[in-house]
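Please read the structure below before turning to the comments.
In the working numbering, the protein residues as written are 97 to 610.
Printed below as a string of structure tokens:
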């Protein structure tokens, strides 16, 4: 709303909610698939039970519980993936046997770029690398809430970099390697004319259940390990859903309920409303599972049938708004509406996408499910740029709201000049209560201020020294000034101490932020 206007905000809210509802339903569907393959329980029974548990847990746990639970569940998934991979390699006879029986077409990451209409690699690039990755990293409210929870912009950048360079590649190996092992097991079994030593014959009748079948056959002699792997898989899927449910509740309260329905209610009332919003988001996700069950094709193709309709317009508007100050409010609204409408229209008239898909040769999916994202992005960009160039009166200054005006953004946030001088962290500093300081203020000795390279008015991050708390006892405070004296204590008001959940007898660490 600050970058464009009120209308643009609610167009974006509508698209964002559609995006998150879709993912809640999709993840509930995949959990149902896993439970059906494992226990034979139909999704009509398993999905509502899982959804009920998730809704209760998210409603009463909140964002902090979700973040820390997701951290543990993510580590569980990586460990479970490693166990499944090592067990599969052991069943095959080692890395050499795995590689020897893996077909050549499975060894190469980008083989047959356009030959397979179910997994068109070239089309997948335009759909996932452009629209999907941008949406997942910069639009997914679950990720945005995590970035907002870190202590500084620098830490947020580190998180983005770590996600791209470490988390995503490792996740791809953990998930993909089990499929490679499954293929080698099936090929070796066929070559030997029977089951491999120590395991039963492997028959994968439904590709949805590949992970579960492989884990069961290679780990059935150790039910504890098999149980851990399945628990980790389920936990990882649930961690995605709880994040999205939590994000839906946040949008529902802060973008819809609070500004439009009950602007002057108490925090307790908004907390109760957020729990209702979490329940509604969960119910919508359960209802979407019905639609997913009626779709044909792989899990990947089902995913792209929906997600590539929703995200192209808002992703394009987001990037134009961040990188081009000439992108006007009227252009943003028009581009998102027209881009979304044309993308939906391409469902009924796939030929609209053909001019953009001419360079994708070979077997094609007749509905262009992978290329639809590129079509939506191009339409949105063309409309947005054209309207911006024609809308001369709509060009207004937007200081601090584009990537080339970060200093102004910091100036507005701090309400003063940003201090770019790099200081050092100060560790294990004792606290001393000072009734004269205001809420959200601290005072430090002059020597400590010099080590921090901080001046009066700067924003300081203060946290409990115990690293394993992960910032649970911390806050951003303002440096009120320095004090004289021989003690090295940080002076803090009782209200600030309470707001930051700090303990008066525990040392703290300090770091200048802005």
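Built from N, CA and C at the ideal position, the CB exists for glycine as well.
Could you give the uninterrupted runs of the alpha helix (DSSP H) lying entirely in the segment 106–167, keeping only those of 4 residues or more? Listed in chain order, there is nothing to give.
Exercise. Would DSSP call residue 401 helix, strand or coil?
Worked result: Here residue 401 carries a helix assignment [DSSP, helix/strand/coil].
ask   = Roughly how many angstroms separate the alpha carbons of residue 496 and residue 403, rounded to a whole number?
value = Here the C-alpha atom of residue 496 lies approximately 31 Å from the C-alpha atom of residue 403.
* **Within the segment 388–434, ranges of the alpha helix (DSSP H) (whole runs, at least 4 residues)** => The alpha helix (DSSP H) runs of length 4 or more contained entirely in the segment 388–434 are, from start to end of the chain, 395–406, 408–419.
inquiry  = Classify residue 146: buried if its beta carbon has 16 or more other beta carbons within 10 angstroms, exposed otherwise.
reply    = The residue in question, residue 146, is buried, as its Cβ has 16 or more Cβ neighbours within 10 Å.
If you draw a straight line from the alpha carbon of residue 317 to that of residue 105, how long is it in whole angstroms?
-> For residue 317 and residue 105, the gap between their C-alpha atoms comes out near 55 Å.
- [ ] Could you check what DSSP says for residue 366 in three-state terms: helix, strand or coil?
- [x] Here residue 366 sits in helix by DSSP.
When the Cα atoms are used, what is the spatial distance from residue 235 to residue 143? Looking at the two C-alpha atoms, the distance is approximately 27 Å.
task: Find the nearest neighbour of residue 354 within the set 343, 369, 341, judged by alpha-carbon distance.
output: Measuring from the Cα of residue 354, the nearest candidate turns out to be 369.
Can you give me the Cβ contacts of residue 171 inside the same chain, cut-off strictly under 6 Å, excluding the 5 residues immediately before and after it? Here the set comprises nothing.
- C-alpha distance - residue 150 paired with residue 491, whole-angstrom precision: Roughly 45 Å separates the two Cα atoms.
| Would you report the Cα separation of residue 578 and residue 537, rounded to the nearest angstrom? | Distance between the alpha carbons of residue 578 and residue 537: 11 Å.
In chain order, what are the residue ranges of uninterrupted beta strand (DSSP E) at least 3 long that sit wholly in the segment 510–594?
As summarised for the segment 510–594, the continuous beta strand (DSSP E) elements at least 3 residues long and confined to that stretch are 522–525, 527–529, 537–541, 555–560, 570–579, 586–588, given in chain order.
> Which word fits residue 115, buried or exposed, when buried means at least 16 other C-beta atoms lie within 10 angstroms of its C-beta?
Replying inline: Burial call: buried.
**residue 604 (DSSP reduced to helix, strand or coil)** = In the three-state DSSP reduction, residue 604 falls in the strand class (E or B).
**Item:** C-beta atoms of residue 559 and residue 604 nearer than 9 Å
**Value:** Between residue 559 and residue 604, the gap from beta carbon to beta carbon is short of 9 Å.
By Cβ distance below 6 Å, which residues in the same chain neighbour residue 336 in space, the five residues on each side in sequence not counted? Excluding sequence neighbours, residue 336 sits near 123.
query: Short check: CB of residue 420 to CB of residue 280, under 9 Å?
result: Result no, Cβ atoms of residue 420 and residue 280 do not sit closer than 9 Å.
Check: Quick one: is residue 563 buried, meaning 16 or more other Cβ sit within 10 Å of its Cβ, or exposed?
Finding: Label assigned to residue 563: exposed.
- request: May I have the straight-line CA-CA distance separating residue 255 from residue 290, to the nearest angstrom?
  value: So the alpha carbons of these two residues sit roughly 48 Å apart.
In its own chain, which residues sit with a C-beta less than 8 Å from the C-beta of residue 179, not counting the 5 before and 5 after it? Cβ within range, chain order: 315, 321, 324, 325.
| Can you tell me the Cα-Cα spacing of residue 293 and residue 201, whole angstroms? | In a straight line, the C-alpha of residue 293 is about 26 Å away from that of residue 201.
TODO: Since I believe residue 309 is in contact with residue 298 (beta carbons under 8 Å), could you give me their beta-carbon distance rounded to a whole number of angstroms?
DONE: Taking C-beta atoms under 8 Å as the contact rule, residue 298 and residue 309 qualify, at a distance of about 7 Å.
Extent of the continuous alpha helix (DSSP H) to which residue 305 belongs: From DSSP, residue 305 is part of no alpha helix (DSSP H); its letter is neither H nor E.
*Buried or exposed by the 16-neighbour rule on C-beta atoms within 10 Å, applied to residue 511*: Exposed, by the Cβ-count rule.
Review point. Could you give the distance in angstroms between the alpha-carbon of residue 392 and the alpha-carbon of residue 366?
Key: Taking the straight line from one Cα to the other gives about 41 Å.
I'd like to check one pair, residue 585 with residue 514: are the Cβ atoms closer than 9 Å? Cβ atoms of residue 514 and residue 585: not closer than 9 Å.
Quiz item: On the three-pair Cβ rule with 8 Å, is the segment 410–426 touching the segment 97–104?
Solution: Taking 8 Å as the limit for Cβ pairs, the verdict is that the segment 97–104 does touch the segment 410–426.
Span separating the alpha-carbon of residue 103 from that of residue 251: A direct Cα-Cα distance of roughly 32 Å separates residue 103 from residue 251.
Check your understanding: Taking all protein chains shown into account, do 16 or more other C-beta atoms lie within 10 angstroms of the C-beta of residue 197, making it buried, or fewer, making it exposed?
Key -> Per the 10 Å Cβ criterion, buried.
**Study point:** Own chain, CB closer than 6 Å to residue 247, minus 5 neighbours either side, in chain order
**Key:** Answer for residue 247: 557, listed in chain order.
Cβ pair count under 8 Å reaching 3, the segment 427–440 against the segment 473–484:
Yes, the segment 427–440 touches the segment 473–484.
Q) So what's residue 458 in DSSP terms, helix, strand or just coil? A) Model confidence at residue 458 stands at a pLDDT of 49, short of 50, so the residue's coordinates are unreliable; what they give is reported in the following sentence. In the three-state reduction of the DSSP assignment, residue 458 falls in the coil class.
Exercise. Check whether the segment 541–552 touches the segment 595–610, taking contact to mean three or more Cβ pairs, one atom from each stretch, closer than 8 Å.
Key: Judged by Cβ distances under 8 Å, the segment 541–552 makes contact with the segment 595–610, as three or more pairs qualify.
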